[in-house]
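> Quick one: this structure, given as structure tokens, is what I'll be asking you about.
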Amino acid sequence: MELLLQTLLNGLLMSGVYALVATGLALSLGVVGIVNFAHGEFLMMGAFLSYLFFALQGLDPLFSLGLAFLAAFLVGGLVYQGLIRPVLPAPELNQMLLTFGLSILLQNLALLLFGADTRVVAPSYQAATLTLGPFFLGAVPLGAFMLSLGLLFLLQVFLTRSRLGLAMRAVAQNRLAPGLLGIEADQVYLLAFGLAAALAGVAGVMLSVILYASPTVGFIFTLKSFAIVALAGLGNLKGVVPAALVLALAEALVSTYLPGGGGLVEAVFFLVLFLALVGRAWRSP
Amino acid sequence: MRELSHLPFLSFFLLLFALLPFLPLGIWGAFLLDVGFFIQLFTAMALSWDLVARTGQLSLAHGAFFGLGAYGAGLLAPHVGTLPALVFGAFVAGAGALLLGSVTLRLHGLYFAIASLAFSEVLRTLALKLAFTGGPIGLPVPPPFGGVWPLAAYYLSFGVLLLATALSLWAEWSPFRLAQAATRQSEAVARVLGVRVVRVKLWSLLLGSLVAGLSGGVYGMKTLFLSPYDAFSLGRAVEALVIPIFGGLYSTLGPLVGGVVLVGLEQALRLWIKEGYLVVYGAILILVILFLPRGLVGLLGRRRG
Amino acid sequence: MGKALEVIGLSKRFLGLQALKEVSLHLEEGEILAVIGPNGAGKSTLLNLLSGLIKPDQGRILLLGRDISHLPPETRTHLGLGRAFQIVQPFPELSVRENLLVGALFGKPGLKRKEAEAWVAEVLDLTGLAPRAEALAGELTLLEDKRLELARALATRPKVLLLDEVMAGLRPKEAEEAVALVRRIRDSGVSVLFIEHLMPVVRALADRVVVLDHGEVIAEGTYEKVAQEERVREAYLGRRA
Chain A
45 MELLLQTLLN GLLMSGVYAL VATGLALSLG VVGIVNFAHG EFLMMGAFLS
95 YLFFALQGLD PLFSLGLAFL AAFLVGGLVY QGLIRPVLPA PELNQMLLTF
145 GLSILLQNLA LLLFGADTRV VAPSYQAATL TLGPFFLGAV PLGAFMLSLG
195 LLFLLQVFLT RSRLGLAMRA VAQNRLAPGL LGIEADQVYL LAFGLAAALA
245 GVAGVMLSVI LYASPTVGFI FTLKSFAIVA LAGLGNLKGV VPAALVLALA
295 EALVSTYLPG GGGLVEAVFF LVLFLALVGR AWRSP
Chain B
1081 MRELSHLPFL SFFLLLFALL PFLPLGIWGA FLLDVGFFIQ LFTAMALSWD
1131 LVARTGQLSL AHGAFFGLGA YGAGLLAPHV GTLPALVFGA FVAGAGALLL
1181 GSVTLRLHGL YFAIASLAFS EVLRTLALKL AFTGGPIGLP VPPPFGGVWP
1231 LAAYYLSFGV LLLATALSLW AEWSPFRLAQ AATRQSEAVA RVLGVRVVRV
1281 KLWSLLLGSL VAGLSGGVYG MKTLFLSPYD AFSLGRAVEA LVIPIFGGLY
1331 STLGPLVGGV VLVGLEQALR LWIKEGYLVV YGAILILVIL FLPRGLVGLL
1381 GRRRG
Chain C
12 MGKALEVIGL SKRFLGLQAL KEVSLHLEEG EILAVIGPNG AGKSTLLNLL
62 SGLIKPDQGR ILLLGRDISH LPPETRTHLG LGRAFQIVQP FPELSVRENL
112 LVGALFGKPG LKRKEAEAWV AEVLDLTGLA PRAEALAGEL TLLEDKRLEL
162 ARALATRPKV LLLDEVMAGL RPKEAEEAVA LVRRIRDSGV SVLFIEHLMP
212 VVRALADRVV VLDHGEVIAE GTYEKVAQEE RVREAYLGRR A
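Quick note, the sequences are listed as chains A, B and C, same order.
According to the numbering used here, the residues represented by the first sequence are 45 to 329, in order.
According to the numbering used here, the residues represented by the second sequence are 1081 to 1385, in order.
According to the numbering used here, the residues represented by the third sequence are 12 to 252, in order.
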């Protein structure tokens, strides 16, 4: 019983980061209307940023968080301007192939630059744990969880209270709306895409400590985000958090209880993604 | 027929490949034969991907079909001999395709692509974990025909390319072309016009997967060793789709030209860069989408669906 | 004269909306039947149910006496049901001729290529599309689009043809030609059910009219008879008051 609860607790803590990354994907999907296969690469960039600053400058990842947010936002904006914007009028499949190509490009560029090895960022507090009765809470996962929730909360406030946020939600509902609000649709897209990238970038920093930084870590999270967004229902931003929770818990359970669980863990997400898509298709009339 | 105008080009390429081992290549001989092997094999993969793409299904599962064929053939080869093993590998790939296809029937374009990607990743994870595949350590594969004929692998890959080309040409020259084009351009309308869309999609996926499976089987027999990372690599799926997009979609000449150029380039680059030459593929994909959506062959004339 | 098409108690609900409620109607062989009604009456839903693109909640559809209620669209076409869509969706990367060829080759199983091509040539002539036969379907004018839609449906050699507002956007002369064309089609042995908003067309073309409102049949008969009925007037005019 204790093992079960501890497992669920671990899963819960991870769900924060998952929700953060998936929300980014949901934003670019819902607002910009593009399925960004390269979403995870912003995460990967954040992770490597954290690693590089730590390994070369001794900079604590806590500082990298803010840096990654800004850097990813910037890069996201550039990517939007240079690559995404020209392809928005093109058929969906072209967009998909473009972002897919970008993902392949970035992953392999990182592979060339850094090699395939995983790099862990190990500040002094990496292994610290807090005890809650008979249970252990990793300090870093806990911090990540709380930070993720905090960011998501801020996002929520931004979306509901600010003019730009409102514009974003309007665009997500109806592509034509922004002109009416006196805001260029293009600016809204740029902001949304940049924001999505920034969220992923921050998540990347956290993951560099919890997990590792590697050229392919982003891609795995892209697929996991797809799974979460597919489970939540496309366009359902609020559903992302519960969906992330479900998947994180499932992952934790598989990891603990299934023999050889470590390797099968990813398959859980892929399987869920597959089933979610298929189920969705068969349910429509 | 307009389509016949491509025949001279195609024949030229195929003849070149067939005769390559007999040309005076000097010290470059062994290397060029290797390059030729991979060009043939991956062009066949590209053709098999294009065959499926003609119905509007953008498969990211071709890496999985390749892997299924590779492992199917590799596992059986020590027991039944080269050709039956290859056929078995193709069947396994085909079974996978039917499973994927029948379940994803209602998924269009993008969602089919993601589902096929997920399918592929599930299989790769399984290949890593299941014991009988040799797990992460890998699976040794015996050489074709017991190693008696050194050119066996080369000509096997030629055979696969020949088959792929034949299938692609058949699909282009027969009424199947219209069925595929109609399915791709407007599925509902195609159905109302009497096109058996489900059959068209499943057949296309099946045929494409069989070729991909054969390619995988031959690959294993050349490299004499299979690992899940290699056999089920996403890079393979990427290559299979970048080539037709670059060379010209929905045709036979397009993937062929694209294959010779891109795989040739890749093999040349390998001399300098061990890993990460996929960077080039990623860049090419981006550039083609942005500037050349019709691919190389599209530059040559009005595109026909 | 038998019934070319029979609809019995057809119902369909979408989420909260009852789009069709126990609709029954029939099309006699050799007849031209118009289905009219205000917007949202369920006309397009009816056609989609008949084509097999959506499944009914209740009811049956009989084509030439055969129950097709649960058959997929392509099979219905093979059995002789043709359909022209309201929003034209040509196969943009195929030529006009190839568009028709799809219908000719696959509309009926077992047709040889030569026969199909000959039939396509006939249809091209009949619908006036012959001069544009090799043009890419994605590059047509609206009028040509509409003709293509009709021609494509014809290419499948239907015994029953469903037309969805094919006259919309046509100038009077073009509409006249279209009406004549539909009559010629009927005379060649095809029964026609068409949805239309333009009353002059309905009056000129229809042997009989069925009026739908809010998913139900509210009137049936000749144009003159139906135009007199109180309920029909209310459906079109009364709601605005």
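By construction, the Cβ of each residue, glycine as well, lies at the ideal position given by its N, Cα and C atoms.
Values in this document were obtained by computation on a predicted structure and should not be read as measured data.
Check whether chain B comes within 8 Å of A/Val-119, counting only Cβ atoms and requiring the distance to be less than that.
No, A/Val-119 lies away from the interface with chain B (no Cβ there is under 8 Å from its Cβ).
> Using 10 angstroms around the beta-carbon of C/Trp-130, count the other beta-carbons present and answer buried if the total reaches 16, otherwise exposed.
With 16 or more Cβ atoms within 10 Å of its Cβ, C/Trp-130 is classed as buried.
> Please report the distance separating the alpha-carbon of C/Glu-188 from that of A/Leu-127.
Roughly 49 Å separates the two Cα atoms.
> Figure out for me which residue from B/Gly-1106, B/Phe-1089 and B/Gly-1136 has the closest Cα to the Cα of B/Arg-1264.
Taking only the C-alpha atoms, the option nearest B/Arg-1264 is B/Gly-1136.
> How should A/Ala-276 be labelled, buried or exposed, when 16 other C-beta atoms within 10 angstroms of its C-beta is the threshold for buried?
By the neighbour-count rule (16 or more Cβ atoms within 10 Å), A/Ala-276 is buried.
> When you compare only the Cα positions, how much space is there between C/Val-212 and C/Val-177?
Approximately 11 Å, taken between the alpha carbons.
> Going by other Cβ atoms of all chains shown within 10 Å of its Cβ, with 16 needed for buried, is B/Ser-1254 buried or exposed?
Classification for B/Ser-1254: exposed.
> Pick from C/Glu-227, C/Glu-241, C/Val-222 and C/Gly-226: whose alpha carbon is nearest that of C/Thr-233?
Selected option, being the one with the closest Cα: C/Val-222.
> Can you tell which of A/Leu-243, A/Ala-320, A/Leu-315 and A/Val-261 has the C-alpha that lies nearest to the C-alpha of A/Ala-115?
Closest option to A/Ala-115, Cα to Cα, is A/Leu-243.
> Identify each residue in the stretch 1243-1274 of chain B for which the Cβ-Cβ distance to at least one residue of chain C is less than 8 Å, and report them in chain order.
From the stretch 1243-1274 of chain B, only Pro-1255, Leu-1258, Ala-1259, Ala-1261, Ala-1262, Gln-1265, Ser-1266, Ala-1268, Val-1269, Ala-1270, Arg-1271, Val-1272, Leu-1273 and Gly-1274 have a Cβ closer than 8 Å to chain C.
> In chain B, which residues lie with their C-beta within 7 Å of the C-beta of C/Val-118?
Going by the sequence as given, residue 118 of chain C is Gly instead of Val. By Cβ distance, chain B contributes Leu-1273 and Gly-1274.
> B/Leu-1187 and A/Val-79 - do their beta-carbons sit closer together than 8 Å?
It is not a contact, given that the beta carbons lie outside the stated cut-off.
> Less than 6 Å between C-beta atoms, sequence neighbours within five positions excluded: which residues of the same chain meet that for B/Gly-1288?
Answer for B/Gly-1288: Ser-1128, Leu-1131 and Val-1132, listed in chain order.
> What distance in whole Å lies between the Cβ atoms of C/Leu-154 and C/Glu-109, which are believed to be in contact at a cut-off of 8 Å?
Actually they are not in contact, since the Cβ atoms of C/Glu-109 and C/Leu-154 sit about 20 Å apart, beyond 8 Å.
> With contact counted as at least three CB pairs below 8 Å, one residue from each stretch, are the stretch 1160-1172 of chain B and the stretch 1284-1302 of chain B in contact?
Judged by Cβ distances under 8 Å, the stretch 1160-1172 of chain B makes contact with the stretch 1284-1302 of chain B, as three or more pairs qualify.
> Do A/Leu-178 and A/Phe-98 have their C-beta atoms closer together than 8 Å?
According to the sequence provided, residue 178 of chain A is Pro. The question's Leu does not apply to it. No, these two residues do not count as a Cβ contact at 8 Å.
> On a CA-only basis, which of C/His-89, C/Leu-135 and C/Ala-179 is nearest C/Leu-159? Give me that one, please.
Taking only the C-alpha atoms, the option nearest C/Leu-159 is C/Leu-135.
> Hey, C/Ala-246 and C/Gly-51: beta-carbon distance below 8 Å or not?
Cβ distance not < 8 Å, so C/Ala-246 and C/Gly-51 don't count as in contact.
> Excluding the 5 residues flanking C/Ala-148 on each side, which residues of the same chain have their C-beta closer than 7 Å to its C-beta?
Hits under 7 Å: Pro-101, Phe-102, Pro-103, Leu-105, Ser-106, Val-107, Asn-110 and Leu-159.
> In the DSSP assignment, the alpha helix (DSSP H) including C/Leu-147 goes from what residue to what residue?
Here C/Leu-147 belongs to no alpha helix (DSSP H), and DSSP marks it neither H nor E.
> For C/Gln-97, tell me which candidate among B/Val-1269, B/Pro-1324, B/Leu-1219 and B/Phe-1326 has the shortest Cα-Cα distance.
It is B/Val-1269 whose Cα lies nearest to the Cα of C/Gln-97.
> As a quick exercise: from B/Ser-1182, B/Phe-1122 and B/Tyr-1361, pick the residue whose alpha carbon is nearest that of B/Val-1322.
Among B/Ser-1182, B/Phe-1122 and B/Tyr-1361, the Cα nearest to that of B/Val-1322 belongs to B/Tyr-1361.
> Between the stretch 1196-1230 of chain B and chain A, which residues of the former have CB atoms less than 8 Å from a CB of the latter, in chain order?
Listed in sequence order: Leu-1197, Ala-1198, Phe-1199, Glu-1201, Val-1202, Thr-1205, Leu-1206, Leu-1208 and Lys-1209.
> With 8 Å as the threshold, decide whether the Cβ of C/Leu-112 is near any Cβ in chain B.
It does; some Cβ of chain B falls within 8 Å.
> Strictly below 7 Å CB to CB, what residues from chain A border B/Leu-1178?
Simply none; closest approach about 15 Å.
> Just tell me which of A/Val-253, A/Glu-295 and A/Met-140 has its CA closest to the CA of A/Ser-72.
The candidate whose alpha carbon is nearest that of A/Ser-72 is A/Met-140.
> Less than 8 Å between C-beta atoms, sequence neighbours within five positions excluded: which residues of the same chain meet that for A/Phe-314?
Closer than 8 Å at Cβ, skipping near neighbours: Leu-267 and Ala-271.
> Only counting the same chain, and skipping five residues up and downstream in sequence, which positions put a Cβ closer than 8 Å to that of C/His-89?
Only Gly-118, Lys-119 and Pro-120 meet the Cβ criterion.
> Using a Cβ cut-off of 7 Å, which residues of the stretch 1182-1195 of chain B contact any Cβ in chain A, in chain order?
Those would be Val-1183, Thr-1184, Arg-1186, Leu-1187, Gly-1189, Leu-1190, Tyr-1191, Ala-1193, Ile-1194 and Ala-1195, in chain order.
> Output needed in chain order: residues of the stretch 1103-1123 of chain B with a Cβ under 7 Å from some Cβ in chain A.
Answer set for the stretch 1103-1123 of chain B: empty.
> Quick check: A/Gly-120 and A/Ala-240, are their CB atoms within less than 8 Å of each other?
Cβ distance < 8 Å, so A/Gly-120 and A/Ala-240 count as in contact.
> Alpha carbon to alpha carbon, what distance is there between C/Thr-152 and C/Phe-142?
A quick correction: the sequence has Pro, not Phe, at residue 142 of chain C. If you take the alpha carbons of C/Pro-142 and C/Thr-152, they lie about 13 Å apart.
> Which chain C residues sit within Cβ distance under 8 Å of B/Val-1277?
Per Cβ cutoff of 8 Å: Glu-85.
> Starting from the C-beta of A/Tyr-62, find all residues in its chain whose C-beta is less than 6 Å away, skip the five residues before and the five after it, and write them out in chain order.
Same-chain partners within the cutoff: Ala-288 and Ala-292.
> Quick one, which residues of the stretch 144-174 of chain A are near chain B if we go by CB-CB under 9 Å, in chain order?
Here the close residues are Phe-144, Gly-145, Leu-146, Ser-147, Ile-148, Leu-149, Leu-150, Gln-151, Asn-152, Leu-153, Ala-154, Leu-155, Leu-156, Leu-157, Gly-159 and Ala-160.
> Could you compute how far the alpha carbon of C/Ser-35 sits from the alpha carbon of C/Val-228?
Rounded to the nearest angstrom, the two C-alpha atoms are 7 Å apart.
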